[in-house]
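Under this note's numbering, the sequence shown has 1482 at position 302, and the numbering climbs by one with no breaks. One structure is given below, encoded as structure tokens.
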Amino acid sequence: MIEWGASGVTLGIETSCDETAAAVVIGGGDIRSSVVASQVDVHATFGGVVPELASRAHLEVLTVVVQRALEEAGLTFQAPEVPAIDAVAATVGPGLVGSLLVGVSEAKALALAWGLPFVGVNHLEGHLFAALLDHRDLPWPLVVLLVSGGHTVLISMEGPGRYRQLGQTLDDAAGEAFDKVARFLGLGYPGGPAIEAAAASGDPQAFAFPRAMLDEGLDLSFSGLKTAVVHAVRRSPEASNADVAASFQQAVVDVLVAKALRGAEDVGAGGLCLAGGVAANELLRASLSAACEELRLPVYVPSLAMCTDNAAMVAAAGWFQLRQRGPSPLDTGAQPNLRLPLLP
Ligand code: KG4
Ligand code: ZN
1181 MIEWGASGVT LGIETSCDET AAAVVIGGGD IRSSVVASQV DVHATFGGVV
1231 PELASRAHLE VLTVVVQRAL EEAGLTFQAP EVPAIDAVAA TVGPGLVGSL
1281 LVGVSEAKAL ALAWGLPFVG VNHLEGHLFA ALLDHRDLPW PLVVLLVSGG
1331 HTVLISMEGP GRYRQLGQTL DDAAGEAFDK VARFLGLGYP GGPAIEAAAA
1381 SGDPQAFAFP RAMLDEGLDL SFSGLKTAVV HAVRRSPEAS NADVAASFQQ
1431 AVVDVLVAKA LRGAEDVGAG GLCLAGGVAA NELLRASLSA ACEELRLPVY
1481 VPSLAMCTDN AAMVAAAGWF QLRQRGPSPL DTGAQPNLRL PLLP
């Protein structure tokens, strides 16, 4: 059982990709504010995230976003007063180095100025906590399917800070596949919601796209599926985007659900949990929930706000990390390739 605690106010900051976010969370689980400024408009015309523009946009809005998160949490203060918080946490990686640097620098500067501990948080660990924030009394081990734009991993979580990796994608992340296929179909960025919207009026059985490695282990692969979509569209140029999107989405979801269930069975999990941006996908949420209900396996699907990038998950992960591993040194830098800390 998680000891959530009732005190300890953490300011969280998230700037690893294309959302500038700040949040105030008490005791690792009580969200007092969560402000997210999306950069979708900045990158939409380019069909994807432009790293240089992302870091500039973070720089422009981060201070205001932090101020708003403090205000919404009722923590107004007049400098040189210090707001009533106990720690400042920020994502240090993985992510875009220029974007990470903006959040890490701001968080360290605030921690130094306010005389508070700084906590450098792993973005993936943040996503794991996001899934837990909406729920309490979780059964361990919990198998978490973490599906984002940069990562697709199946984790067995034995408690906060205790992770075993069961499987991962051998090539593209699931979100990356959504984004690439959306771009190929001319559906725009971000690709996940665009595919989902197009798929709503399509036939998921119109194309028999491959389900790679469906019957093998717990690793995944999506690059062959992406190529199959390209070939199918070139062969049948008259095919509707709706049918292609629906068939592609069904193939991704079939594989994700099968792997998550197999992972849960392998470790005798007490429950199954979704995390990351792709967890916002309705078909994935509904299919996994239905499959788990059939197996009478508890399933935890986070709210939509907790699927995509936000800073509440960073504050929550930061609070647990501070209690378990202490503060991070102030010379901690951005770590674009940071990996999830795994049990030996
Ligand atoms: O977790 P996230 O916000 O950022 C990363 O850490 O990567 O995930 C972003 C990814 C993008 O690839 C986006 O296309 C995908 O999540 N995504 C979705 C949906 N909403 C966002 N994929 C499928 N269906 C959605 N509704
Ligand atoms: Zn993310």
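C-beta atoms are modelled at their ideal positions from N, C-alpha and C, and glycine is treated no differently. Predicted model only: the values in this text are computed from it and were never measured.
The count of Cβ pairs closer than 8 Å, one atom from the region 1203 to 1220 and one from the region 1290 to 1304, stays below three, leaving the stretches out of contact. Judged by beta-carbon spacing, L1454 lies beyond the 8 Å limit of Y1343, meaning their Cβ atoms are not closer than that value. Going by DSSP, I1211 is part of no alpha helix (DSSP H) but of the beta strand (DSSP E) stretching over D1210 to S1218. Distances taken from the Cβ of E1305 to the heavy atoms of the ligand KG4 include none shorter than 7 Å. When the alpha-carbon of G1188 is set against those of Q1501, P1417 and A1485, the nearest one is in Q1501. Less than 8 Å divides the Cβ of A1459 from the Cβ of R1465. In this structure, V1215 lies near V1245, with their beta-carbon atoms less than 8 Å apart.
Look at E1474 here: in three-state DSSP terms it is helix. In the DSSP assignment, Y1343 is bridged to M1337.
Short note on C1197: C-beta closer than 7 Å to some heavy atom of the ligand KG4.
G1457 has its CB nearer than 7 Å to a heavy atom of the ligand ZN.
DSSP places T1243 inside the alpha helix (DSSP H), whose first and last residues are P1231 to E1252. Considering only I1335, P1260, F1309 and I1265, the residue with the shortest C-alpha distance to V1323 is I1335. In the displayed model, Q1429 falls within a helix according to three-state DSSP. T1271 and T1200 have their C-alpha atoms spaced approximately 11 Å apart.
Where T1407 is concerned, the enclosing alpha helix (DSSP H) starts and stops at S1403 to R1415. Within the same chain, Cβ atoms closer than 6 Å to the Cβ of S1403 are found at D1351 and D1352, the five residues on either side in sequence being excluded. Within a 10 Å sphere around the beta-carbon of G1451 sit 16 or more other beta-carbons, which makes this residue buried. Closest by C-alpha distance to H1303, out of L1312, A1311 and P1274, is P1274. The three-state reading of DSSP puts N1302 in strand, counting E and B together.
Distances from the alpha-carbon of V1220 to those of L1510, D1489 and P1516 put D1489 closest. Residue side-chain check: D1489 places its Cβ nearer than 7 Å to a non-hydrogen atom of the ligand ZN.
In this structure, the straight-line span from the alpha carbon of R1519 to that of L1276 is close to 14 Å. The alpha-carbon separation between E1474 and L1441 amounts to approximately 11 Å.
For T1195 and G1228, the gap between their C-alpha atoms comes out near 16 Å. Note: G1451 is bridge-paired with L1322 in the DSSP secondary-structure output. Between L1313 and L1326, the C-beta spacing is not below 8 Å. Taking the Cβ atoms as the reference, E1232 lies roughly 16 Å from G1283, outside the contact range of under 8 Å. Here the alpha carbon of V1410 sits roughly 27 Å from the alpha carbon of V1222. The alpha carbon of P1390 has as its nearest neighbour, out of N1461, Q1429 and P1509, the alpha carbon of Q1429. Collapsing the DSSP output to three states places Q1348 in a strand. Pairing L1463 with V1494 gives a Cβ-Cβ distance that is not under 8 Å. Straight through space, the alpha carbons of D1395 and T1512 are spaced by roughly 42 Å. Taken through DSSP and simplified to helix, strand or coil, E1199 comes out as strand. Secondary structure at I1265: coil, using DSSP grouped into helix, strand and coil.
When the Cα atoms are used, V1333 and A1259 turn out to be separated by approximately 43 Å.
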